[in-house]
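Engineer: Take a look at the following structure, please.
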Amino acid sequence: MSRQRSLATAAGTVAGPHEGARAGGRSPLITALLISPAALFFIFLLILPLAVVVIYSFGERAPAGGYAPAFTFANYLNLPARGKAFLNTLTLAPLATLITAIVAYPMAYFLALKAPARWRLLLLALCIVPFWTSQLLRYYAWMMILGSRGIPSWLAAIGIEDLRIINTPSAVLIGAVYGFLPLMVPPIYVSLEKLDRRLIEAAADLGATPLSSFMQITLPMSLPGVATGSMLVFILLMGDYILPQFLGGGKVFFIGNALVDLFLQSRNWPFGAAVSVALVAIMFATIVVYMRFVLGLSGQRRVALV
Amino acid sequence: MTRKHWENRPISAKEFMRELRRLEKGSVSRRHFLAVTGLATATATLAGSMPWLKPRRAFAAGLSGTVNLTTWPNYHSQQNLDDFAAKTGVKVNMSVFGSNEEMLAKLQAGSTGWDVFVPTNYTISTYQQLGLIEPLELAKLPNYDAAAQDKRFTAEGTINGTVYAVPKDWGTTGYVINTKKVTQNPTSWKDFWELAQGPLSGRVMVHDYQLTTIGNALKQFGYSFNSNDEKELGDAEKLLIAVKPHLFGINSDYQPSMRNGDAWMSVCWTGDATQLHRDLPEMQYVIGREGGEIWTDYYAVPKGAPNREAAYALIDYLLTPDINAKEVKAHGYPSTDQRANALLPKETLENPILYPAKELLSNLEFGAAQTLTNPLRAEIMARFKAA
């Protein structure tokens, strides 16, 4: 049990208070050396490119497309022109995240608490098997499954006629749940696995029903895992464009699709940069609010994920 | 492809014939055929022991490495590209794009590593103005014969007397219908947009490409395909927004949905119609009576192409009449070169998908440079897609 708990600590779900004290005993030079690869990575591949994007967002579209230096707020004032895309993304991404979490939770619960111990790792590994095939291939397969010769034709056989799934928001939701489930299960699994079962036994001894011990012990204590999984899925979905392109048939328009069009079709880089900055800002705000809410619920304020 | 254990086992005569049939039908690649039959190993062994059997280098010596070809989907004969590699020792690395804007965006951003690319007529003047393509050294293209080209299709490759691009093939933009499902016999763009909002609701696709989608919406009102007039574009936008909820999809990759039976009608280019009709005879191609687009694709060399010599060798090879004729058979777009046409079978030359009736052709317009780069058209397309 204690070994599993230290594993969870290493995975970053729980940061113990003793960690800072240990780091203090190390020479600053070694600390600097150790963090320098990650720091350089973030400076050159995150901070600097982001700075370029911010600078571009105040520029103008060059006559033949691209970027021309300027200082204007016009791109930000034009953001409502992509309001529908923001709205679509901000409706479908949280909805898909929620459904994925609801589907993933029982799976993770079974794996962590019910599955025989010797099968556990194998079953968990099987969850990520879909990643062995290219994402594009899997979406093409879904185009066929959801197309009129797929599920709708089976449903027609039992009397549900003329159902259209492909190229609708439902198809995008199905694809999202399928595609991102493997990212949601492991974090929930980890948080359930390190759950101290003595608490549940104690609750049972004190007369709690299984339902109330789940609601009052298991669920709150596994919420950090749900939060981590949800963030992984939500962040990836917010920026996704392949999924809506393939399963939405160009009719379900996400911010990612708007960005691709702005950079590759209309070549309005400054406006595209402004949309990117807005996306990053919205995502950051959503994540902060969400994490505060979830961590408030689980009563573990020390958990630092953002 | 990973090597399977059975690839090293001798093949039976029966299996050999089955693989040969599969190769003929095009369901396996030549490489697969050579590998499973053991012919690849046999050839390599023979060639190693008998150097005089090695393929002769027909082109300028000193070619090596790979040549990066940037083109459109389903647009070359893989056999031709393999033969080029065998003849010259230069491997062709092909990448495909979805739109001319995308190609322009990549070239504008710089360092593409492309050696040869395939721009459409209306983009060439923009590439030339931005200094992104080089004037072609015609001496390195002995197989290109300007006199054999159909003059209607080749004007835009030459700017102020300098040749920047040489023509590959031409085509039209019409629409394809599945006649098993579409029985109304549409003949115009007006029919197209009306059917899309009526009996074919949920079964129609348009390109994810502003030039053709907006252009053909403009035709409904009798405006020019190339219109940049604000009021006319406004009318086209209103039509597109009204049609949007009835569309099956907005996608330039419409072959899978047409083949699968999800879509029954789609805006379509010549070659896709040829390929669809070849496999499914119920697929028919319609050119709108009001007009629409006619276009030519060219070969060009970007400035700073890393393997410039191989780029010229590849263009020259693909423009060789017999090779070009094989290209036409594979992609189904008509060639601009009379020498290649002379080598094509009669049924290809009489195919109305490739060579539509004169009275239909006369209404078609070539796209203009401004049509592609107009920011208003790009914005209308974005509003249509987001609506």
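If you read the sequences in order, they're chains L and B.
Numbering follows the numbering used here, with no gaps: position 129 of the first sequence is 129.
Counting the second sequence from 1 gives a position; the numbering used here is that position plus 306.
Glycine included, each C-beta is placed from N, C-alpha and C at the ideal position.
All figures in this text were calculated on a predicted structure; none of them were measured in a lab.
Taking the straight line between their C-alpha atoms, what separation do you get for ALA471 (chain B) and ASN557 (chain B)?
Structural biologist: One-based indexing of the second sequence puts residue 471 (chain B) at position 165. One-based indexing of the second sequence puts residue 557 (chain B) at position 251. Those two C-alpha atoms are separated by around 28 Å.
Engineer: DSSP beta-bridge partners for SER572 (chain B)?
Structural biologist: In the second sequence, counting from the first residue as 1, residue 572 (chain B) sits at position 266. Looking at the DSSP assignment, SER572 (chain B) forms a beta bridge with B:VAL482 and B:MET511.
Engineer: Considering only the beta carbon of each residue, do VAL488 (chain B) and TRP575 (chain B) sit closer than 8 Å?
Structural biologist: Sequence index remark: in the second sequence, residue 488 (chain B) carries index 182 (1-based). Sequence index remark: in the second sequence, residue 575 (chain B) carries index 269 (1-based). No, they are not a contact pair.
Engineer: Give me the Cα-Cα distance between TYR639 (chain B) and ASN657 (chain B), rounded to the nearest whole angstrom.
Structural biologist: Start at 1 with the first residue of the second sequence, and residue 639 (chain B) comes out as number 333. Start at 1 with the first residue of the second sequence, and residue 657 (chain B) comes out as number 351. Near 11 Å, if we compare the C-alpha coordinates of ASN657 (chain B) and TYR639 (chain B).
Engineer: So does the stretch 189 to 202 of chain L actually touch the stretch 104 to 120 of chain L, counting three or more Cβ pairs closer than 8 Å?
Structural biologist: Touching, yes.
Engineer: Given this structure, state the Cα-to-Cα distance separating HIS587 (chain B) from THR602 (chain B), to the nearest angstrom.
Structural biologist: Working through the second sequence from its first residue, we reach residue 587 (chain B) at position 281. Working through the second sequence from its first residue, we reach residue 602 (chain B) at position 296. Here the sequence assigns Pro to residue 587 (chain B), which means His is not the residue at that position. The alpha-carbon atoms of PRO587 (chain B) and THR602 (chain B) are separated by roughly 26 Å.
Engineer: Output the distance between the C-alpha atoms of THR89 (chain L) and LEU122 (chain L), rounded to the nearest integer angstrom.
Structural biologist: To locate residue 89 (chain L), count along the first sequence from 1; it is residue 89. To locate residue 122 (chain L), count along the first sequence from 1; it is residue 122. When rounded, the distance between both Cα atoms is 35 Å.
Engineer: Can you name, in chain order, every residue of its own chain whose Cβ lies under 7 Å from the Cβ of THR72 (chain L), other than the five neighbours on each side?
Structural biologist: Within the first sequence, the letter at position 72 stands for residue 72 (chain L). PHE58 and GLU60, listed in sequence order.
Engineer: From what residue to what residue does the beta strand (DSSP E) around ASP603 (chain B) run?
Structural biologist: Start at 1 with the first residue of the second sequence, and residue 603 (chain B) comes out as number 297. Where ASP603 (chain B) is concerned, the enclosing beta strand (DSSP E) stretches over 598 to 605.
Engineer: Under the rule that 16 or more other beta-carbon atoms within 10 Å means buried, what is THR468 (chain B), buried or exposed?
Structural biologist: Residue mapping note: residue 468 (chain B) aligns to position 162 of the second sequence, counting from 1. Answer is exposed; the Cβ neighbour count stays below 16.
Engineer: Counting only C-beta atoms, is MET238 (chain L) closer than 8 Å to chain B at any point?
Structural biologist: Stepping through the first sequence from its first residue, residue 238 (chain L) is reached at position 238. False, the Cβ-Cβ gap to chain B never drops below 8 Å.
Engineer: Nearest-angstrom Cα distance between LEU297 (chain L) and ILE128 (chain L)?
Structural biologist: As a first step, residue 297 (chain L) must be located in the first sequence, where it is residue number 297. As a first step, residue 128 (chain L) must be located in the first sequence, where it is residue number 128. Going from the Cα of LEU297 (chain L) to the Cα of ILE128 (chain L) covers about 29 Å.
Engineer: Between which two residues does the beta strand (DSSP E) carrying ASN374 (chain B) extend?
Structural biologist: Within the second sequence, the letter at position 68 stands for residue 374 (chain B). Segment 372 to 377, the beta strand (DSSP E) holding ASN374 (chain B).
Engineer: Rounded to whole angstroms, what's the CA-CA distance from SER27 (chain L) to SER405 (chain B)? Just pull it up for me.
Structural biologist: Counting from one through the first sequence, the residue named residue 27 (chain L) turns up at place 27. Counting from one through the second sequence, the residue named residue 405 (chain B) turns up at place 99. So the two alpha carbons sit approximately 56 Å from each other.
Engineer: Determine whether the beta carbon atoms of ILE686 (chain B) and GLU543 (chain B) lie at a separation below 8 Å.
Structural biologist: Within the second sequence, residue 686 (chain B) is the residue found at index 380, counting from 1. Within the second sequence, residue 543 (chain B) is the residue found at index 237, counting from 1. The answer is yes: Cβ separation under 8 Å.
Engineer: ASP475 (chain B): buried (16+ other C-beta within 10 angstroms of its C-beta) or exposed?
Structural biologist: Residue mapping note: residue 475 (chain B) aligns to position 169 of the second sequence, counting from 1. Under this definition ASP475 (chain B) is a buried residue.
Engineer: Quick one: complete alpha helix (DSSP H) runs, 4+ long, within the stretch 42 to 112 of chain L?
Structural biologist: Entirely contained in the stretch 42 to 112 of chain L, the alpha helix (DSSP H) runs reaching 4 residues are, in chain order, 48 to 56, 74 to 77 and 83 to 109.
Engineer: Would you call the stretch 209 to 227 of chain L and the stretch 137 to 154 of chain L touching, i.e. three or more CB-CB distances under 8 Å?
Structural biologist: The stretch 209 to 227 of chain L vs the stretch 137 to 154 of chain L: no contact.
Engineer: Listed in chain order, which residues of the stretch 255 to 285 of chain L have Cβ atoms closer than 8 Å to some Cβ of chain B?
Structural biologist: Within the stretch 255 to 285 of chain L, the qualifying residues are ASN257, ALA258, ASP261, LEU262, PHE263, LEU264, GLN265, SER266, ARG267 and ASN268.
Engineer: Per the DSSP calculation, TRP476 (chain B) is bridged to which residue(s)?
Structural biologist: As a working note, residue 476 (chain B) is residue 170 in the second sequence. TRP476 (chain B) is bridged to B:THR602.
Engineer: Return the chain-ordered list of same chain residues with a C-beta closer than 8 Å to the C-beta of ALA648 (chain B), the five sequence neighbours on each side being excluded.
Structural biologist: For the purposes of this step, residue 648 (chain B) is taken as the residue at position 342 of the second sequence. Excluding residues within five positions, the ones whose Cβ falls inside 8 Å are PRO627.
Engineer: Chain L beta carbons: is any one of them nearer than 8 Å to that of ASN522 (chain B)?
Structural biologist: In the second sequence, counting from the first residue as 1, residue 522 (chain B) sits at position 216. Answer no: the Cβ-Cβ gap between ASN522 (chain B) and chain L never drops below 8 Å.
Engineer: Going residue by residue through the stretch 621 to 653 of chain B, where are the continuous alpha helix (DSSP H) segments of at least 4 residues, counting only ones entirely within it?
Structural biologist: If we require 4 residues or more, the alpha helix (DSSP H) runs fully inside the stretch 621 to 653 of chain B come out as 627 to 637 and 644 to 647.
Engineer: Going by the DSSP bridge assignment, what does VAL469 (chain B) pair with across the sheet?
Structural biologist: On the second sequence, residue 469 (chain B) is found 163 positions in, with the first residue counted as 1. VAL469 (chain B) is bridged to B:THR464.
Engineer: Shortest alpha-carbon distance to GLY508 (chain B) belongs to which of L:ALA171, L:ILE174, L:THR209 and L:ASN167?
Structural biologist: Residue numbering aside, residue 508 (chain B) sits at position 202 when the second sequence is read from its first letter. Comparing Cα positions, the closest option is L:ASN167.
Engineer: Flag this pair as touching only if the stretch 391 to 404 of chain B and the stretch 365 to 383 of chain B have three or more C-beta atom pairs under 8 Å; answer yes or no.
Structural biologist: Contact between the stretch 391 to 404 of chain B and the stretch 365 to 383 of chain B is present, because at least three Cβ pairs lie under 8 Å.
Engineer: Within the 8 Å Cβ cut-off, does GLY59 (chain L) reach chain B?
Structural biologist: Sequence index remark: in the first sequence, residue 59 (chain L) carries index 59 (1-based). No, no contact with chain B.
Engineer: Would THR493 (chain B) count as contacting chain L if we go by Cβ distances under 8 Å?
Structural biologist: Along the second sequence, one-based indexing puts residue 493 (chain B) at 187. For THR493 (chain B), the answer is no, since every Cβ of chain L falls outside 8 Å of its Cβ.
Engineer: Distance cutoff 8 Å, beta carbons only. Does SER170 (chain L) sit that close to anything in chain B?
Structural biologist: Mapped onto the first sequence, residue 170 (chain L) falls at position 170. No, its Cβ sits nowhere closer than 8 Å to a Cβ of chain B.
Engineer: Less than 7 Å separating the Cβ of GLY467 (chain B) from some heavy atom of the ligand GDP?
Structural biologist: This structure lacks the ligand GDP, and indeed carries no ligand of any kind.
Engineer: Once the 5 residues before and after LYS563 (chain B) are set aside, which same chain residues still bring their CB inside 8 Å of it?
Structural biologist: The residue you call residue 563 (chain B) lines up with position 257 of the second sequence. The sequence shown places Ser at residue 563 (chain B), rather than the Lys named in the question. The answer, listed in chain order, is MET511, PHE554, GLY555, ASN557, ALA569 and SER572.
Engineer: Could you list which residues in chain L have their beta carbon closer than 9 Å to that of SER405 (chain B), in chain order?
Structural biologist: Counting from one through the second sequence, the residue named residue 405 (chain B) turns up at place 99. LEU264 and GLN265, listed in chain order.
Engineer: For LEU524 (chain B) and ILE43 (chain L), I'd like the C-alpha separation in whole angstroms.
Structural biologist: The residue given as residue 524 (chain B) occupies position 218 in the second sequence. The residue given as residue 43 (chain L) occupies position 43 in the first sequence. Each residue's alpha carbon lies about 49 Å from the other.
Engineer: Taking 8 Å as the cut-off, does the stretch 606 to 615 of chain B touch the stretch 527 to 537 of chain B (at least 3 CB pairs, one atom from each stretch)?
Structural biologist: Output reads no: the stretch 606 to 615 of chain B does not touch the stretch 527 to 537 of chain B.
Engineer: Could you tell me which residues DSSP pairs with THR426 (chain B) in its beta bridges?
Structural biologist: Looking up residue 426 (chain B) in the second sequence gives position 120. B:ASP603, per the DSSP bridge assignment.
Engineer: Output needed for SER276 (chain L): all residues of its chain with C-beta closer than 7 Å, excluding positions within five of it in sequence on either side, in chain order.
Structural biologist: As a working note, residue 276 (chain L) is residue 276 in the first sequence. Cβ within range, chain order: VAL53 and LEU259.
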